[in-house]
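First residue of the sequence shown? That's 1153 in our numbering, and the numbers climb one at a time after it.
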Amino acid sequence: MKLMPRQLRGFTLIELIMVIVITGIIASVVGVFIRQPVEGYMDLTRRAELVDAAESALRLMAREIRRALPNSVRISGGGTQIEMINTVQGARYRGSPPGNPANVLNFAIADNSFNVFGQLLPTGTLSGHNLVIYNLGIAGADAYSFDPVISTASNITITDDNTPPTAGEQTITLDDVPHQFAFQSPRQRVFLVDTAIGYTCNLGLGTLTRDTHAIGAAFAAGAMVTRHVTACTFTYAAGTAERAGLVTVALTLTDQGESINLLHQVHVDNVP
């Protein structure tokens, strides 16, 4: 018996073109439905990144504003710069007996040693620090101007006082030169400070930067805090005897057409 040869069949060029056209139509239709969810996801991700960057910057500023020396917050640069003096620690100084008179801070003369209640810091010598008592942020009582409310001594020695009846206190000694503070604090508060902290919004560069500089000195080149800044305003309402001060920070970040606006307010303890 003679076998019939098998016929091999393929597809024609017309069939190939039809498949390509139909596949293209299906891809176009599917793309219309997929594009918007993908773009929405990308926009959402971008907004989330902007919010996270802005909130991180605001939290950092809020922590340092709350820690600022009373009456040291000030605004400059048309509301694009904020500055404050950093407080390392605070305590209450001994202003009256009992104990050795040498342990009492004397405001009538330049004094170089006095006691504070409790533990200010671990014992030792600190360099580059200053003591501040009753800073009011006004002429004659302004730490930035090195009025008599702030000591000029750069080295401060802290020792424990183990002699009754002042045992448990610490003795603060100004190593370089005695200092006569201008005013007594109604609450006997003394603050240990080191540097000034500044934040600058540069809308031309779209940046928010942070720097530390010597008290009373100009702003220095800062480290980057966040980018994409398109609007930034610092305002400060000074406190009174009845209420705390209030710092308001308005920050706008923009990236590829997506913008977020955050407003944050920080209460400032201005009791010196």
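Heads up, the beta-carbon is just placed ideally off N, CA and C, and yes, glycines get one too.
Nothing here was measured: the structure is a model prediction, and the numbers come from that model.
- [ ] Below 8 Å on the Cβ atoms is my guess for Phe-1266 versus Ile-1308; work out the distance and round it to an integer in Å.
- [x] With a Cβ gap of about 12 Å, Phe-1266 and Ile-1308 do not count as contacting.
Open item on the list: Here's a check: name, in chain order, each residue in its chain whose Cβ is nearer than 8 Å to the Cβ of Val-1423, leaving out the five neighbours to either side.
Closed with: The residues are Pro-1222, Arg-1339 and Arg-1341.
- [ ] Since I believe Leu-1212 is in contact with Val-1377 (beta carbons under 8 Å), could you give me their beta-carbon distance rounded to a whole number of angstroms?
- [x] Contact holds; Cβ gap of about 7 Å.
TODO: Please report how far the alpha carbon of Gly-1231 lies from the alpha carbon of Thr-1385, in whole angstroms.
DONE: Looking at the two C-alpha atoms, the distance is approximately 5 Å.
Task: Contact the segment 1349-1361 vs the segment 1276-1291: 3+ CB pairs below 8 Å - done: Below 8 Å, too few C-beta pairs join the segment 1349-1361 and the segment 1276-1291 to call them touching: fewer than three.
TODO: List the endpoints of the continuous beta strand (DSSP E) containing Val-1225.
DONE: Per DSSP, Val-1225 belongs to no beta strand (DSSP E) and is neither H nor E.
Task: Whole-angstrom distance between Leu-1278 and Ala-1375, CA atom to CA atom - done: Taking the straight line from one Cα to the other gives about 25 Å.
Task: Met-1236, buried or exposed, once every other Cβ within 10 Å from all chains shown has been counted against 16 - done: Residue burial is scored here from C-beta neighbours: Met-1236 has at least 16 other C-beta atoms within 10 angstroms and is therefore classed as buried.
Task: Own chain, CB closer than 7 Å to His-1416, minus 5 neighbours either side, in chain order - done: Answer for His-1416: Leu-1210, Ala-1214 and Val-1401, listed in chain order.
Task: Host beta strand (DSSP E) of Gly-1242 (start-end) - done: Its beta strand (DSSP E) spans residues 1233-1244.
TODO: Determine the direct distance from the alpha carbon of His-1331 to that of Ala-1205, and round the result to whole angstroms.
DONE: Between Ala-1205 and His-1331, the C-alpha separation is close to 44 Å.
Task: Cβ distance (whole Å) where Ala-1383 is taken to contact Thr-1404 below 8 Å - done: With 8 Å as the limit, Ala-1383 and Thr-1404 qualify as a contact, their Cβ atoms being about 4 Å apart.
Task: Residue from Phe-1371, Leu-1398 and Ser-1297 whose Cα sits closest to the Cα of Ser-1505 - done: As displayed, the chain neither begins before 1153 nor continues past 1424, which places residue 1505 out of reach and without an answer.
TODO: Take Arg-1198 and list the residues in its own chain whose beta-carbon comes closer than 8 Å to its own, dropping the five residues that flank it on each side.
DONE: So the qualifying residues of the chain are Asp-1407, Gln-1408 and Glu-1410.
Task: Residues bridged to Tyr-1296 (per DSSP) - done: According to DSSP, residue pairing for Tyr-1296 in a beta bridge does not occur.
Open item on the list: If contacts are defined as beta-carbon pairs under 8 Å, then Val-1420 and Ala-1293 qualify, I think. What distance do you get, rounded to the angstrom?
Closed with: Not quite, the Cβ-Cβ distance comes to about 17 Å (not below 8 Å), so this is no contact.
Open item on the list: Could you check whether the segment 1252-1270 touches the segment 1387-1397, counting it as contact only if at least three pairs of C-beta atoms, one from each stretch, sit closer than 8 Å?
Closed with: Cβ pair count under 8 Å is below three, so no.
TODO: Please report the residue range of the beta strand (DSSP E) in which Gln-1322 lies.
DONE: 1321-1326 is the extent of the beta strand (DSSP E) around Gln-1322.
Task: Cα-Cα separation, Val-1200 to Ser-1208 - done: Inspection of the sequence shows that residue 1200 is occupied by Ala rather than by Val. In this model, Ala-1200 and Ser-1208 are separated by some 12 Å (Cα to Cα).
Task: Where Ile-1290 falls, given that 16 or more other Cβ within 10 Å makes a residue buried - done: Its Cβ having fewer than 16 others within 10 Å, Ile-1290 is exposed.
TODO: Return helix, strand or coil for Arg-1341, following the three-state DSSP convention.
DONE: In the displayed model, Arg-1341 falls within a strand according to three-state DSSP.
Task: Residue range of the unbroken beta strand (DSSP E) whose run includes Asn-1413 - done: Going by DSSP, Asn-1413 is part of the beta strand (DSSP E) stretching over 1410-1420.
Task: First through last residue of the beta strand (DSSP E) which encompasses Ser-1279 - done: Counted as a single uninterrupted DSSP element, the beta strand (DSSP E) harbouring Ser-1279 occupies residues 1276-1279.
- [ ] Compute the beta-carbon to beta-carbon distance between Ser-1306 and Gly-1280, rounded to the nearest angstrom, for a pair I have assumed lies under 8 Å.
- [x] Contact flag correct, Cβ pair sits at about 6 Å.
TODO: Pull up the distance between the alpha-carbon of Phe-1481 and that of His-1365, whole angstroms please.
DONE: Since the first and last residues shown for the chain are 1153 and 1424, residue 1481 lies out of range.
TODO: With DSSP as the reference, please indicate the residues paired to Gly-1356 in a beta bridge.
DONE: Beta-bridge partners of Gly-1356 (DSSP): none assigned.
TODO: To the nearest angstrom, report how far apart Glu-1167 and Arg-1379 are at their CA atoms.
DONE: Rounded to the nearest angstrom, the gap between the Cα atoms of Glu-1167 and Arg-1379 is 55 Å.
- [ ] Tell me whether Phe-1298 is buried or exposed, calling it buried when 16 or more other Cβ atoms sit within 10 Å of its Cβ.
- [x] Result: exposed.
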